[in-house]
Amino acid sequence: MDHRLAGIVACPVCHGKLDYYPQEQELICKPDGLAFPIQDGIPVLLENEARSLTAEER
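Numbering-wise, the working numbering comes out as the position in the sequence shown, counting from 1, plus 317.
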């Protein structure tokens with residue numbers, strides 16, 4: 318995923334900042350505790366596709 322795109326996209330739930338984790342291929346919203354996957358370089362910003370963060374990840 319392009320780093321410029323990571324700076325533009327926002328959480329679809331709270332509209333807050335998403336942190337890009339290239340190793341995991343995820344965009345993470347810490348306030349909501351959600352990790353959105355990146356598939357084939359495209360962020361999947363659907364709440365029902367996100368996984369919940371573990372207590373350690375928060």
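Heads up, the beta-carbon is just placed ideally off N, CA and C, and yes, glycines get one too.
Here the alpha carbons of residue 348 and residue 322 stand approximately 20 Å from one another. DSSP places residue 367 outside any beta strand (DSSP E), giving it a letter other than H or E. In the structure shown, residue 323 adopts helical secondary structure according to DSSP, grouped into three states. Using a Cβ distance threshold of 8 Å, residue 370 and residue 351 count as a contacting pair. Residues 335, 344, 360, 362 of the same chain have their beta carbon placed closer than 7 Å to that of residue 326, with the five preceding and five following residues left out of the count.
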